[in-house]
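Okay, structure first, notes after.
2 protein chains.
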Amino acid sequence: MLPERQQLADLLKALGEYNRLSIVYELCHCDEPQNAMCLCENCTVDASVASRHLKTLAQEGIVEVEKKGRERIYSLNRVEIARRLRTLADQIEGLPEQTSVGSSS
Amino acid sequence: MLPERQQLADLLKALGEYNRLSIVYELCHCDEPQNAMCLCENCTVDASVASRHLKTLAQEGIVEVEKKGRERIYSLNRVEIARRLRTLADQIEGLPEQTSVGSSS
DNA sequence: GACGTATTTGTACAAACATGCAAATATCTC
DNA sequence: GAGATATTTGCATGTTTGTACAAATACGTC
């Protein structure tokens, strides 16, 4: 079993749940990082559930956490996650691998 | 609950399982569509399991099926899936929505 | 029609998962 | 220190999911 592929599957699985995806979208649309209470207002779920979802997202590197007093401030790991999704999109679309494209005529 | 968001979550969940993702990769790398038996050789799973995974992928529009005698020929829905992944990547990265970009200076 | 191959479906099962509630922990304010 | 707020953790629970095996179905070949 390829660990790299497993990691990608884990990333996709983390994004592939409605409430977690909603949290990600919520973080998309705010310029400033948000705490968990703010993020769980959007979902109808309990705070403990939001906490667990955020833990999952953090474990997959989707969000970054910063302690600030009694709050945890979450921010999206925009560049890295977008990059991984685009890499998959490129592979699926059948684009050539990124190994010195355009050289050696 | 937003149906569009749910559909995207379902797509990501379908891709977010190791054996299913392996099938997708396998279809990536062959030019010609493949039947289910060929695809399940890569995973260590039973043929019935591959059948169910392919059904899941087909339901999400990830693969297309064509009956050919007693075989089912599967092919990747490359453009559409790549497009949906890139749309998500764009949203996550915070790029502006695709509504007449570049007009009206 | 008999047989072989490809695929699906029924059944069972263990593991993972999403969830809510209550309790615990951490930290701020007074 | 008491009380309030933010978050995590323990526990219970119902659901989903990935899997294997056997049986059923579909179809080509002889």
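Residue numbers (our numbering), protein chains in the order written: chain A, 8 to 112; chain B, 8 to 112. Just so it is clear, CB atoms sit at the ideal spot from N, CA and C, and this is done for glycine as well.
Please go through the same chain and pick out, in chain order, the residues whose beta-carbon is closer than 7 angstroms to the beta-carbon of residue i, but skip the five residues on each side of it.
i, result
"A/Ser110", "Because A/Ser110 carries a pLDDT of 49, less than 50, the predicted location of this residue cannot be relied on, and the following value inherits that uncertainty. Excluding sequence neighbours, A/Ser110 sits near nothing in its chain."
"B/Cys35", "Leu83"
"B/Gly68", "Asn84, Glu87"
"A/Ala21", "Arg27, Thr63, Leu64, Glu67, Ile69"
"B/Cys37", "none"
"A/Val52", "Asn26"
I believe residue i touches residue j by the beta-carbon criterion, under 8 angstroms. Please report the beta-carbon distance rounded to the nearest angstrom.
i, j, result
"B/Leu15", "B/Arg91", "7 angstroms"
"A/Gly23", "B/Leu95", "Their Cβ separation, rounded to whole angstroms, is 11 angstroms, which puts A/Gly23 and B/Leu95 out of contact at 8 angstroms."
"B/Arg93", "A/Arg93", "6 angstroms"
"B/Ile99", "A/Ala57", "The pair is not a contact, with the Cβ atoms about 19 angstroms apart (cut-off 8 angstroms)."
Residues bridged to residue i by DSSP?
i, result
"A/Ile30", "Note: A/Ile30 sits in no beta bridge, so no partner."
"A/Glu78", "A/Lys75"
"A/Val70", "A/Leu83"
"B/Asn42", "B/Ile80"
Please go through the same chain and pick out, in chain order, the residues whose beta-carbon is closer than 8 angstroms to the beta-carbon of residue i, but skip the five residues on each side of it.
i, result
"B/Ala54", "Ala43, Met44, Cys47"
"B/Leu61", "Ile30, Ala43, Leu46, Val70, Val72, Arg79, Tyr81"
"B/Ser112", "Per-residue confidence for B/Ser112 stands at a pLDDT of 46, beneath the threshold of 50, marking its modelled position as unreliable; the derived number appears in the next sentence. Nothing listed; no residue qualifies."
"A/Asp17", "Glu67"
Can you list the residues of chain A that residue i reaches, using a CB-CB cut of under 9 angstroms?
i, result
"B/Arg85", "Ile99, Glu100, Gly101"
"B/Glu48", "Within 9 angstroms Cβ-Cβ: nothing; B/Glu48 doesn't reach chain A, min ~15 angstroms."
Can you name the residues of chain A whose CB is closer than 7 angstroms to the CB of residue i?
i, result
"B/Ser58", "Correct list: empty, because the minimum Cβ distance to chain A is about 20 angstroms."
"B/Arg93", "Arg93, Ala96"
Which chain A residues sit within Cβ distance under 8 angstroms of residue i?
i, result
"B/Asn23", "The amino acid occupying residue 23 of chain B in the given sequence is Gly; Asn does not appear at that position. Those are Ala16, Asp17, Leu18, Leu19, Lys20, Ala21, Leu22, Gly23, listed as they occur along chain A."
"B/Leu61", "Those do not exist, as B/Leu61 stays about 16 angstroms from chain A at its closest Cβ, beyond 8 angstroms."
"B/Gln13", "Tyr25"
"B/Ala89", "Ala96, Asp97, Ile99, Glu100"
Buried or exposed for residue i, please, with buried defined as at least 16 other CB atoms from any protein chain shown within 10 angstroms of its CB.
i, result
"B/Gln13", "exposed"
"A/Leu9", "exposed"
"B/Gly101", "exposed"
Residues of chain B with CB closer than 8 angstroms to the CB of residue i, please, in chain order.
i, result
"A/Ile30", "Result: empty, since nearest Cβ-Cβ is about 11 angstroms, beyond 8 angstroms."
"A/Cys35", "Gln98, Ile99, Gly101"
"A/Cys8", "Residue identity check: residue 8 of chain A is Met in the sequence provided, not Cys. The contacting residues are Tyr25."
In chain B, which residues lie less than 7 angstroms from residue i when you measure between Cβ atoms?
i, result
"A/Ile80", "Within chain B, no residue comes near A/Ile80; the closest Cβ sits about 18 angstroms away, beyond 7 angstroms."
Whose C-beta lies closer than 6 angstroms to the C-beta of residue i among residues of the same chain, with five residues either side of it excluded?
i, result
"B/Cys50", "Asn26, Ser29"
"A/Glu33", "Leu46, Asn49"
"A/Gly76", "none"
"B/Lys74", "none"
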